[in-house]
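Undergrad: Have a look at this one.
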Amino acid sequence: MMMEQSPLALLPELSLLAGAVATLLAGSFLPRQRQWVARLIAVAALLAAAVSAALAFPSHQNGHFGGGDAETVFGAFVLDTATAVTRLVVVAAVLLVIGLGVDELAGTARESETYTLLLLGGLGAIVLAATDDLLVLAVGFLLASIPVYALVGMVRTPGAAEAALKTYLLGALSGILLLLGATVLSGIAGGTAYVDLAAGLALAPAAAVAVGALAVLAGLLFEAGGVPLHQWVPDATQGAGTAAAAFLTTVPKIGALVAAARLVDVLPGSLPWPLLVGLLAAATMTLANLAALAQTDARRLLGWSTVSQVGYLLMPVAVVADTSAAVPALLVYLAGYAVTNLTAFAVLAAVPGARSLTDFRGLARQRPGLAAALVISLLSLVGTPPTAVFLGKLTVFTAAWDGDLAWLVVVAAVNTLVSLFYYLRWLVEAFRPGEPAPTAGWARAAAVAGALGVLAVGLGAGLVTALVGEGTLG
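Residue numbers for the sequence shown follow this note's numbering, beginning at 909 and rising by one.
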């Protein structure tokens, strides 16, 4: 039975909400040259959320969601290991986004509003990941997606306007699908809580369950940037500001994929969910990697790259009900992907004048620190040891294999090899002679810090995995 906790257990979320309100109010009354005060308020709120989340980290972890001794707030917000990890990863990701965006946002007309949207979007991602109720899931979807629409359109350019419109229209369609699916599932199960779904859907007609579940998953896949509602990602990545692009390709994915795993975990076995989700994973990674091969714009290439990563992240979602290794694998990959993807975007932010891959020529000779950060981030996205995504891919491949999806592991391995080609194209340009564009100080520091984080997450998570395997921990 779930144990009910005090609303004070939501202190990390309350910190983000209070920080968003305070940031917006401060920005409304401060002159443009003093908007850095709003930035400090946002950072303080994130640090408070991080500290409270770390202190509330559960002492008992297992390889499943919830569990018999899981704690909840209001019966809909689960305080388990997945929620704790999501809190920390989301807060760290938003902090890094703010760091890489200082040069781009400082002194602009919408600086404080951007920080407010980042905090609210991060809060929405956490709500998505932590809830086990369809009604709260719909609220989390809106809270995570609406800030993204605004962030994409914050830059007043034709490309940003087109990307914002496409993102909004697909988001509205996805929201309708999610609400439709939630209505169907709750109607046939007799309740909106996942515990009601687990009990009520077992005897429900398979066709109705399939319609409802696939509609909810479609909405979550829009948030994550996966097939079939992924078309907005490359356009938004190319048209939005760098900080906004870094955020929208990282933070919403965290909440949406954990939410998808929670949902799949309670679906009845009357339908082949591992096969269905596995096919979505294979289609996502294959389509995105093939599309990325033809890209010459660095931002658009990273946009397709983030879509391909969703394919790998869906692998543990497919087998979440079949193996206890799925949830840890998903969390490890999400943490590694977040720091890696943000490091790549920090490099873009550090060279704001570079758009095409050829604009990075001379980077290795003139800016060796940035070149090293680019090498580490791109090789990590491929899955090269000892980087963070390498361990993530190793764990998700193992989970999929344990869940009897060996064919999906083969598809993912082939796609990993394909992705190496377009990442190497970028690295080859960086090591060619030339004169790179001027760099930005804060973003340069964020790129180097992120690169160190990629290595630290990879080595640290690898050490913990080894200790757990030997029985030294846990």
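Cβ coordinates follow ideal geometry from the N, Cα and C atoms, glycine included.
By how many angstroms is the C-alpha of residue 1168 removed from the C-alpha of residue 1122?
TA: If you number the sequence shown from 1, residue 1122 lands on position 214. If you number the sequence shown from 1, residue 1168 lands on position 260. Distance between the alpha carbons of residue 1122 and residue 1168 is about 10 Å.
Undergrad: Let me confirm a value: residue 1385 is counted as buried when at least 16 other C-beta atoms fall within 10 Å, else exposed. Which label applies?
TA: No statement about residue 1385 is possible, as the shown extent of the chain runs from 909 to 1382 and does not include it.
Undergrad: Could you say which of 921, 934, 1109 lies nearest to residue 954 if we only look at CA atoms?
TA: To locate residue 954, count along the sequence shown from 1; it is residue 46. That would be 921, whose Cα lies nearest to the Cα of residue 954.
Undergrad: Quick one: is residue 941 buried, meaning 16 or more other Cβ sit within 10 Å of its Cβ, or exposed?
TA: Stepping through the sequence shown from its first residue, residue 941 is reached at position 33. By the 10 Å Cβ count, residue 941 comes out exposed.
Undergrad: Does residue 1064 pass the burial test, meaning 16 or more other C-beta atoms within 10 Å, or should it be called exposed?
TA: Numbered from its first residue, the sequence shown carries residue 1064 at position 156. Looking at its Cβ environment, which holds fewer than 16 other Cβ atoms inside 10 Å, residue 1064 is exposed.
Undergrad: Considering only their Cβ atoms, is the gap separating residue 1128 from residue 1080 smaller than 8 Å?
TA: Taking the first residue of the sequence shown as position 1, residue 1080 is located at position 172. Taking the first residue of the sequence shown as position 1, residue 1128 is located at position 220. No, they are not a contact pair.
Undergrad: Given a cut-off of 8 Å, decide if residue 1055 and residue 1025 are closer than it, judged by their beta-carbon atoms.
TA: Your numbering for residue 1025 matches position 117 in the sequence shown. Your numbering for residue 1055 matches position 147 in the sequence shown. Contact: yes.
Undergrad: Helix, strand or coil, according to DSSP, for residue 1367 in the structure here?
TA: For the purposes of this step, residue 1367 is taken as residue 459 along the sequence shown, with counting starting at 1. The answer is helix: DSSP assigns residue 1367 an H, G or I state.
Undergrad: Return the CA-CA distance between residue 1016 and residue 937, expressed in angstroms with no decimal places.
TA: Mapped onto the sequence shown, residue 1016 falls at position 108. Mapped onto the sequence shown, residue 937 falls at position 29. Cα-Cα distance, rounded: 15 Å.
Undergrad: For residue 1012 and residue 1261, what's the separation of their Cα atoms in angstroms?
TA: Within the sequence shown, numbered from 1, the residue matching residue 1012 stands at position 104. Within the sequence shown, numbered from 1, the residue matching residue 1261 stands at position 353. The alpha-carbon atoms of residue 1012 and residue 1261 are separated by roughly 12 Å.
Undergrad: Looking at the unbroken alpha helix (DSSP H) that takes in residue 1251, where does it start and where does it end?
TA: Reading the sequence shown from its first residue, position 343 is the one you call residue 1251. It spans 1234–1258 - the alpha helix (DSSP H) in which residue 1251 sits, taken as one unbroken run.
Undergrad: Should residue 927 go down as buried or exposed, given a rule of 16 or more other Cβ atoms within 10 Å for buried?
TA: Counting from 1 along the sequence shown, the entry for residue 927 is found at position 19. It is buried - the Cβ of residue 927 has at least 16 other Cβ atoms within 10 Å.
Undergrad: Out of curiosity, what's the CA-to-CA distance linking residue 925 and residue 1337?
TA: Mapped onto the sequence shown, residue 925 falls at position 17. Mapped onto the sequence shown, residue 1337 falls at position 429. If I take the Cα positions, the gap works out to 43 Å.
Undergrad: Using only alpha-carbon positions, find the residue among 945, 1099, 1018 that is nearest to residue 1044.
TA: Taking the first residue of the sequence shown as position 1, residue 1044 is located at position 136. Answer by Cα proximity: 1099.
Undergrad: Can you name, in chain order, every residue of its own chain whose Cβ lies under 7 Å from the Cβ of residue 1286, other than the five neighbours on each side?
TA: Position 378 of the sequence shown, counted from the first residue, corresponds to residue 1286. Cβ neighbours of residue 1286 beyond the five flanking positions: 1252, 1331, 1334, 1335.
Undergrad: What are the boundary residues of the alpha helix (DSSP H) that residue 1343 is part of?
TA: Position 435 of the sequence shown, counted from the start, is the residue given in the question as residue 1343. Run containing residue 1343: none; DSSP gives neither H nor E here.
Undergrad: Does the Cβ of residue 960 have 16 or more other Cβ atoms within 10 Å, making it buried, or fewer, making it exposed?
TA: Start at 1 with the first residue of the sequence shown, and residue 960 comes out as number 52. Buried is the call here.
Undergrad: Taking the DSSP output, what are the residues bridged to residue 934?
TA: Start at 1 with the first residue of the sequence shown, and residue 934 comes out as number 26. Partner(s): none; residue 934 has no beta bridge.
Undergrad: Residue 1173: buried (16+ other C-beta within 10 angstroms of its C-beta) or exposed?
TA: Counted from its first residue, the sequence shown places residue 1173 at position 265. So residue 1173 ends up on the buried side.
Undergrad: Does the structure place the stretch 1207–1221 close enough to the stretch 1138–1148 that three or more beta carbon pairs sit under 8 Å?
TA: Segments in contact, yes.
Undergrad: The beta strand (DSSP E) spanning residue 985 covers which residue range?
TA: If you number the sequence shown from 1, residue 985 lands on position 77. Where residue 985 is concerned, the enclosing beta strand (DSSP E) stretches over 985–987.
Undergrad: On the criterion of 16 or more Cβ atoms from any shown chain inside 10 Å, does residue 1236 qualify as buried, or is it exposed?
TA: Locating residue 1236 in the sequence shown gives position 328, where the first residue counts as 1. Buried.
Undergrad: Looking only at DSSP bridge pairs, what is residue 1205 linked to?
TA: Stepping through the sequence shown from its first residue, residue 1205 is reached at position 297. 1264.
Undergrad: Starting from the Cα of residue 1029, find the closest Cα among 1060, 934, 1108, 1279 and give me that residue.
TA: The count along the sequence shown starts at 1 and reaches residue 1029 at position 121. Among 1060, 934, 1108, 1279, the Cα nearest to that of residue 1029 is on 1060.
Undergrad: Is residue 927 helix, strand or coil when you go by DSSP?
TA: Within the sequence shown, the letter at position 19 stands for residue 927. Note: residue 927 maps to helix in three-state DSSP.
Undergrad: Can you give me the C-alpha to C-alpha distance between residue 1072 and residue 1018, rounded to a whole angstrom?
TA: The sequence position of residue 1072 within the sequence shown is 164, counting from 1. The sequence position of residue 1018 within the sequence shown is 110, counting from 1. Spanning the two alpha carbons is a distance of roughly 16 Å.
Undergrad: Among 1271, 1254, 1319, 1264, which residue has its Cα nearest to the Cα of residue 1361?
TA: Mapped onto the sequence shown, residue 1361 falls at position 453. The shortest Cα separation from residue 1361 among 1271, 1254, 1319, 1264 belongs to 1254.
Undergrad: Can the beta-carbon of residue 1156 be found closer than 8 Å to that of residue 1020?
TA: Position 248 of the sequence shown, counted from the start, is the residue given in the question as residue 1156. Position 112 of the sequence shown, counted from the start, is the residue given in the question as residue 1020. No, Cβ-Cβ distance for residue 1156 and residue 1020 is not below 8 Å.
Undergrad: Which one or two residues does DSSP pair with residue 1041 in a beta bridge?
TA: The residue labelled residue 1041 in the question sits at position 133 within the sequence shown. Answer is 1101, bridged to residue 1041.
Undergrad: Return the CA-CA distance between residue 1084 and residue 1181, expressed in angstroms with no decimal places.
TA: Taking the first residue of the sequence shown as position 1, residue 1084 is located at position 176. Taking the first residue of the sequence shown as position 1, residue 1181 is located at position 273. C-alpha separation (whole angstroms): 22 Å.
Undergrad: Going by C-alpha to C-alpha distance, which of 1339, 1269, 1041 sits closest to residue 981?
TA: Along the sequence shown, read from residue 1 onward, the residue named residue 981 stands at position 73. It is 1041 whose Cα lies nearest to the Cα of residue 981.
Undergrad: The alpha helix (DSSP H) that contains residue 1156, what's its start and end?
TA: Here residue 1156 refers to the residue found at position 248 of the sequence shown. Residues 1150–1156.
Undergrad: Where does residue 1311 sit, in a helix, a strand or coil, going by DSSP?
TA: Numbered from its first residue, the sequence shown carries residue 1311 at position 403. Residue 1311 falls in the coil class under three-state DSSP.
Undergrad: Does the beta-carbon distance from residue 1301 to residue 1291 come in below 8 Å?
TA: Taking the first residue of the sequence shown as position 1, residue 1301 is located at position 393. Taking the first residue of the sequence shown as position 1, residue 1291 is located at position 383. Yes, the pair counts as a contact, with Cβ atoms nearer than the cut-off.
Undergrad: In terms of alpha-carbon separation, which member of 1138, 1119, 1367, 1124 lies closest to residue 1077?
TA: Locating residue 1077 in the sequence shown gives position 169, where the first residue counts as 1. It is 1138.
Undergrad: Whose C-alpha, out of 986, 1317, 1006, is nearest the C-alpha of residue 948?
TA: On the sequence shown, position 40 is the one that residue 948 refers to. With distances taken between Cα atoms, residue 948 lies closest to 1006.
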